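The structure appears below as structure tokens.
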Amino acid sequence: MDTLTTITILLITLFFMATNGVADLSNVAQSLSKSNELQKCENGLGTKCGHSIYQHVFEAGKEVSKECCNRLMTVGKDCHDLLTEVTIVYKHLPEKKAKETWHKNDKAWNDCKKSVAPSPRGSSELQNCENGLGTKCGHLIYKNVFESKTDVSKECCSRLLTVGKDCHDLLTEVTIVYKRLTDKQAKEIWHKNDKMWEQCQKE
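Residues -23 to -1, 1 to 180 in mature numbering (1 follows the signal peptide of the UniProt record, and there is no 0) are what the sequence shown spells out, letter by letter.
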């Protein structure tokens, strides 16, 4: 189910709850104000990781991967809680089941927090990659991958090949997560990322 459909159903549900005295109109207004925030949270996690975390919290799914834990840490605890809150309301979970779900929600967050650095931008591996490229070349490669195509000098290509493909991919991955790109946008960026690498190999 896509985000718009989920939000629409949620808000209709809340409206009927309000008209039946289960919730007041201020709660409905509050939920309406959260819709944009909810979209940003879902975009930040992406479809694959959003599904993985949903299964882990609501359906006793597999452990959350390190990649998805990184995304979860980047979007933050408020987003994690908001997605759980919306789903609990949408699924009409009874109080006991909701309490169990919140426990799993917090456990998933704490487990992810232990398995990855709070922010991938602070890792020593990332720092080494950035240092290897240098400010000037890092900026040129960033512009080529994330903005408009620009010429990258032989010097910068040489630096990129020296730090390696893993570094190139790591810098792109971290920036995609940091910018909270949609799956479609991320796919386009990965294409440009690989094209940049192939271009430098030919230099």
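Note that beta-carbon positions come from the ideal geometry of N, C-alpha and C, so glycine has one too. Note that the structure is a prediction, hence the values are computed from the model and not measured.
In the pairwise beta carbon analysis, the region 147 to 162 is classified as touching the region 20 to 38: at least three pairs are separated by under 8 Å. Between the beta-carbon of V122 and that of T149 there is about 6 Å, and that keeps the pair under the 8 Å contact cut. Relative to the Cα of K54, the nearest Cα in the group Q162, D171 and L15 belongs to L15. Closest option to C144, judged by alpha-carbon separation, among D171, A85 and F35: D171. Contact check between the region 113 to 121 and the region 80 to 88: fewer than three CB pairs, one atom from each, fall below 8 Å, which does not count as touching.
In this structure, L110 and V151 do not form a Cβ contact; the two beta carbons are roughly 13 Å apart against a cut-off of 8 Å. Cβ atoms of V52 and N82 stay farther apart than 8 Å, at about 14 Å.
Distance from the Cα of N47 is smallest, within the candidate group K25, K76 and N13, for K25. Between L60 and D146, the alpha-carbon positions lie close to 29 Å from each other. Nearest to S125 by alpha-carbon distance, out of Q178, E165, T64 and K68, is E165. The residues L137, K142 and H145, in chain order, have a CB closer than 8 Å to that of W174 in the same chain once the five nearest residues on each side in sequence are set aside. The DSSP assignment places complete alpha helix (DSSP H) segments of no fewer than 4 residues inside the region 115 to 163 at 131 to 140 and 142 to 156, in order along the chain. Excluding residues up to 5 positions away in sequence, C26, S29 and I30 lie with their Cβ nearer than 7 Å to the Cβ of C45 in the same chain. Here K169 carries a helix assignment [DSSP, helix/strand/coil]. Spatial neighbours of C134 in its own chain (CB-CB distance under 7 Å, excluding positions within 5 residues in sequence) are listed in chain order as C177 and E180. Here DSSP, grouped into helix, strand and coil, assigns L103 to helix. If you check the CB distance, M50 and K90 come in under 9 Å.
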